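Residue numbering for the sequence shown follows the working numbering, beginning at 48 and increasing consecutively.
Heads up, the beta-carbon is just placed ideally off N, CA and C, and yes, glycines get one too.
Bear in mind the structure is a predicted one, so any value in this text is a computation, not a measurement.
The structure under discussion appears below in the form of structure tokens.
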Amino acid sequence: MKSFTAGQNEDGVRLSRFVESVTHQFPRSMMYKAFRNKRIKVNGKRAEPDTRLQQGDLIELYINDEFFPAVASASKQKPARRQPPVQIVYEDSNFAVLYKPARLLCHSDRTGDPNLVDAFAAYLEQKGEYNPHAEQCFAPALCNRLDRGTEGLVLAAKTYQALRDLNTIIRDDLMKKEYLTITVGAPPAGRHIAWLQHSEKNNKVRIHARESEGYKQIITEVTVIRQGGPFALCRIGLITGRTHQIRAHLSYLGHPVLGDIKYGNRKMNERTGLKTQALCAQRLTFGRIPQENTLHYLSGRVIKLDNPEIIRQFDRLISP
Numbered sequence: 048m049k050s051f052t053a054g055q056n057e058d059g060v061r062l063s064r065f066v067e068s069v070t071h072q073f074p075r076s077m078m079y080k081a082f083r084n085k086r087i088k089v090n091g092k093r094a095e096p097d098t099r100l101q102q103g104d105l106i107e108l109y110i111n112d113e114f115f116p117a118v119a120s121a122s123k124q125k126p127a128r129r130q131p132p133v134q135i136v137y138e139d140s141n142f143a144v145l146y147k148p149a150r151l152l153c154h155s156d157r158t159g160d161p162n163l164v165d166a167f168a169a170y171l172e173q174k175g176e177y178n179p180h181a182e183q184c185f186a187p188a189l190c191n192r193l194d195r196g197t198e199g200l201v202l203a204a205k206t207y208q209a210l211r212d213l214n215t216i217i218r219d220d221l222m223k224k225e226y227l228t229i230t231v232g233a234p235p236a237g238r239h240i241a242w243l244q245h246s247e248k249n250n251k252v253r254i255h256a257r258e259s260e261g262y263k264q265i266i267t268e269v270t271v272i273r274q275g276g277p278f279a280l281c282r283i284g285l286i287t288g289r290t291h292q293i294r295a296h297l298s299y300l301g302h303p304v305l306g307d308i309k310y311g312n313r314k315m316n317e318r319t320g321l322k323t324q325a326l327c328a329q330r331l332t333f334g335r336i337p338q339e340n341t342l343h344y345l346s347g348r349v350i351k352l353d354n355p356e357i358i359r360q361f362d363r364l365i366s367p
């Protein structure tokens, strides 16, 4: 038997999710059998899988030790991968808004390259705000992601409650995202509507002018800020947020994002030498957030990235 005490980040977590997080290779069928046989208890009493934990609850799991992960000795632990310093744009006790430079991954992948979420966890651990050995089922998490080649703002939750509430804000469209981009030529300004279909096989999208079966509507707002030579610096407002929406929609309009290898202009990319798309998530504007959301204090708040690299990039491109 092993026992755990629910902490702040377990408050409100489903008991079944908690059990899955603290066990290893524990079949779901066996987990639900343990629930039926009263081998999973909260505060000494039988509990159901959908029980919501509260901070301070005592969770007792009468489960074979083989289903709990072994604790590695200090001599066998792998050294932590060195992560880049975190650049903070905004931070409070619940979450932070981070700057992700181009080429930095949001999450780890098979390359083993440094990534933003691990860098954020290391930052909080250094500050004493996160102890990975004390947490049962929560780790600092990103609430939105950017492609590897895109720079800009990323939301990062410090607590489980903040993670839930930020995801609610995003799901309920209570936050507007604006991007800066450099395009080949100046796209037509205004609000553009089209329909997009994403292919999981090649991770690429197709766009139609009219509604079609299997396609989802996209709405993209375009404002041309500056023009110079064959390039334009544009502000893009996402009314919908689909996979590759900005890159594919601008390409469809005949003015692709500079440096985009999937939807872009190959000759112009080669001419400028850009190997990643010139795209930056530059501004977040929060709408009216309900009082029951712990992040309601963000209502009307604008968080933006001042003087992003993409502006200097544009200036270099148009300089004589």
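Per DSSP, which residues does residue i bridge with? Please list them.
i, result
"A143", "E138 and A203"
"V164", "According to DSSP, V164 bridges with nothing at all."
"A328", "G199 and Y226"
"F361", "Per DSSP, none; premise fails for F361."
"L105", "T52"
"Q244", "R253"
"F333", "M222"
If you run the structure through DSSP and keep just helix, strand and coil, what is residue i?
i, result
"R192", "coil"
"S122", "With a pLDDT of only 44 at S122, under 50, the local geometry of the prediction cannot be trusted, and no value is derived from it."
"T290", "coil"
"Q173", "helix"
"T197", "coil"
"R157", "coil"
"Y344", "helix"
"Y226", "strand"
"A94", "coil"
"H239", "strand"
"Q208", "helix"
"Q130", "coil"
"R273", "strand"
"T323", "coil"
"R257", "coil"
"E57", "helix"
"I266", "strand"
"R99", "strand"
"H296", "helix"
"L152", "strand"
"F114", "helix"
"P355", "coil"
Considering just the uninterrupted stretch of the alpha helix (DSSP H) at residue i, what are its terminal residues?
i, result
"M77", "R75 to R83"
"F65", "L62 to V69"
Measuring alpha carbon to alpha carbon, tell me which residue in the options is nearest residue i.
i, options, result
"K251", "R238, R257, C281 and I308", "I308"
"I110", "R86, N312, D97 and N354", "R86"
"P161", "R195, Y177 and K174", "R195"
"K80", "H71, S63, V69 and V89", "S63"
"T430", "T341, S346 and P235", "Because the chain here runs from 48 to 367, residue 430 falls outside it and cannot be looked at."
"I266", "I229, N141 and K224", "K224"
"A186", "G199, Q208 and L321", "Q208"
"G199", "Q338, A325, S68 and A53", "A325"
"L342", "R318, N214 and G311", "N214"
"T319", "W242, I365 and E260", "I365"
"E57", "I217, I240 and A181", "A181"
"A241", "N191, L297 and L210", "L297"
"K49", "K174, R83 and G91", "G91"
"R150", "I293, L108, G311 and T323", "T323"
"K174", "P132, K248 and K147", "P132"
Please report the residue range of the beta strand (DSSP E) in which residue i lies.
i, result
"K351", "V349 to K351"
"T319", "No beta strand (DSSP E) contains T319, which is instead part of the alpha helix (DSSP H) from R313 to T319."
"F278", "F278 to L285"
"K88", "I87 to V89"
On the premise that residue j lies in contact with residue i, defined as a C-beta separation below 8 Å, what is that separation, rounded to the nearest angstrom?
i, j, result
"A168", "L189", "The pair is not a contact, with the Cβ atoms about 10 Å apart (cut-off 8 Å)."
"I350", "Y137", "5 Å"
"P367", "C327", "No, P367 and C327 are not in contact; Cβ-Cβ is about 24 Å, not under 8 Å."
"F65", "L100", "6 Å"
"Q72", "F114", "7 Å"
"V89", "C184", "No, V89 and C184 are not in contact; Cβ-Cβ is about 15 Å, not under 8 Å."
Report whether the distance from the Cβ of residue i to the nearest heavy atom of the ligand ADP is below 8 Å.
i, result
"T158", "Of the ligands one can find in the structure shown there are none, so the ligand ADP has no counterpart to examine."
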